[in-house]
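Remarks on the structure that follows.
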Amino acid sequence: KQLRETPALPSNLTSNTAEAHLLLQQAIAEGATSLDTHEVQPILQAYGMNTLPTWIASDSTEAVHIAEQIGYPVALKLRSPDIPHKSEVQGVMLYLRTANEVQQAANAIFDRVKMAWPQARIHGLLVQSMANRAGAQELRVVVEHDPVFGPLIMLGEGGVEWRPEDQAVVALPPLNMNLARYLVIQGIKSKKIRARSALR
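Taking the UniProt record's numbering, the leading residue of the sequence shown gets 1, the next gets one more, and so forth.
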């Protein structure tokens with residue numbers, strides 16, 4: 001029944017699919033096989049999604065300068081096309097509250113990468129203000145290709161570890177509002193998502 005439903009968008013969501021398609025075509029033309037946070041933001045924004053402002057720092061000094069401008073606390077995230085899972089090198093540092101913490105965290109990220117991935121290309125760091133998480137819940141949405149069913153949508157809680165077979169509920173696209181609600185409800189029922197007020 002769900003597969004026969006016409007996909008519906010939220011009434012208050014505005015999107016510019018032409019802009020999103022153009023951005024994706026440009027990335028494909030450049031040979032990109034994955035997009036980092038900074039690169040994917042304009043695509044999400046084209047679909048009407050809110051994103052955190054993001055700046056790029058080439059080194060620890062520039063990261064400190066950006067943090068001083070935007071205010072603390074901040075997050076630092078490694079930019080490297082060769083290391084898709086930043087957690088493998090502790091490439092994400094959160095809740096940095098002072099210039100000294102930012103500088104130490106940035107240098108530590110670069111040092112860890114040099115030791116663990118000496119051949120990796122490093123394109124600096126992403127600097128973001130920490131999101132206001134009062135009442136919020138971190139979720140992860142993944143789309144993967146299954147050899148039998150084709151594209152699969154998986155929903156689970158965010159975090160460093162990700163085992164879809166244990167931690168995610170699965171559905172077939174196209175995604176619409178009813179299917180999104182179904183995924184959340186099934187995730188809560190199966191205890192793969194903890195029920196919180198943010199999801200009600």
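Backbone N, C-alpha and C fix where the C-beta goes; we use that ideal spot for every residue, glycine too.
Next on the checklist: Would R97 and D36 qualify as a contact pair, given that the criterion is a beta-carbon distance under 8 Å?
Outcome noted: No, the Cβ-Cβ distance between R97 and D36 is not below 8 Å.
| To the nearest angstrom, how far is it from the Cα of K77 to the Cα of P42? | C-alpha of K77 to C-alpha of P42: approximately 18 Å in a straight line.
(request) Enumerate, from N- to C-terminal direction, the unbroken beta strand (DSSP E) stretches of 3 or more residues contained entirely within the stretch 64–148. (result) 74–78, 92–96, 125–129, 139–146
- Message: Per DSSP, what are the beta-bridge partners of T54 in this structure?
- Response: Q128
For V148, tell me which candidate among V142, L172, N100, L125 has the shortest Cα-Cα distance.
Checked all of V142, L172, N100, L125; the closest Cα to V148 is L172.
Worksheet item: How far does the alpha helix (DSSP H) with E165 in it reach, from first residue to last?
Response: 164–167
- Express the C-alpha separation of E62 and T33 in angstroms, rounding to a whole number. 28 Å
| query | Distance, Cα to Cα, Y182 vs Q119? | reply | Each residue's alpha carbon lies about 44 Å from the other.
Check: Roughly how many angstroms lie between the CA atoms of M49 and A116, to the nearest whole one?
Finding: 35 Å
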